[in-house]
Amino acid sequence: MNIPLRVKNLVNKYRTGNPFQLASDLGITVVRLPLPDDIRGFLVNVLRRKYIVLNDELCYAAEKVTVCHELGHARLHAGYGYYLHPDRTFYVSSRLESEANEYAAHLLAYSTDIDSDEVTCIINQRRPDPREVHLLLGRFIDTQVW
Numbered sequence: 001m002n003i004p005l006r007v008k009n010l011v012n013k014y015r016t017g018n019p020f021q022l023a024s025d026l027g028i029t030v031v032r033l034p035l036p037d038d039i040r041g042f043l044v045n046v047l048r049r050k051y052i053v054l055n056d057e058l059c060y061a062a063e064k065v066t067v068c069h070e071l072g073h074a075r076l077h078a079g080y081g082y083y084l085h086p087d088r089t090f091y092v093s094s095r096l097e098s099e100a101n102e103y104a105a106h107l108l109a110y111s112t113d114i115d116s117d118e119v120t121c122i123i124n125q126r127r128p129d130p131r132e133v134h135l136l137l138g139r140f141i142d143t144q145v146w
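The numbers in the UniProt record's numbering rise by one with no breaks, and the one at position 72 of the sequence shown is 72.
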């Protein structure tokens, strides 16, 4: 699966790298609800409609990363439901989670100014180390201003 190409094609098709706009363009509704502290968000299908549910306690940067991650699930893993844990030190070794994280990193590179040397190095790898991508997403959240 060529995740960088899939992200590039999506961004080119809709002419935006904004994950909230992409979700809207794809017919995915983003809602904010009170959720347990250990859940950032999840993707759910209700009556053939897709929703990304976000924890209403998240800062904007965390919302952005979570929406990018859930868009990865929506585009790569149709038919499944997922949620994103806030504990970035806990690495989930699932292939699906790794792919969603990689998708999020590539999409964030289009939607923000985080295209530092580290991000470029990680996303330019043919098979990026899932742990590095996971930590990158966590550092992005930690370095953003509320």
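Where is the CB? At the ideal position from N, CA and C, for every residue including glycine. As the structure is a prediction and not an experimental result, all values here were calculated from the model.
Between the stretch 32-39 and the stretch 11-22, the count of C-beta pairs closer than 8 angstroms stays below three; the two stretches do not touch. Straight across, the Cα-Cα distance linking residue 103 with residue 69 is about 7 angstroms. In the three-state reduction of the DSSP assignment, residue 39 falls in the coil class.
Comparing alpha-carbon positions, the option among 76, 40, 49 lying closest to residue 138 turns out to be 40.
Under the DSSP assignment, residue 2 falls outside any alpha helix (DSSP H); it carries neither an H nor an E label.
The C-beta distance from residue 71 to residue 22 rounds to 6 angstroms, short enough to meet the 8 angstroms contact threshold.
Residue state for residue 12 is assigned as helix, using DSSP reduced to three classes.
When C-alpha distances from residue 131 are compared across 109, 95, 57, 108, the shortest belongs to 95. With respect to the 9 angstroms criterion, residue 46 and residue 107 are not classified as neighbours on the basis of their beta carbons.
DSSP places residue 101 in the uninterrupted alpha helix (DSSP H) bounded by 95-111. Residue 76: not part of any beta strand (DSSP E); member of the alpha helix (DSSP H) spanning 60-76, first to last residue.
CA-to-CA, the gap between residue 18 and residue 99 works out to about 19 angstroms.
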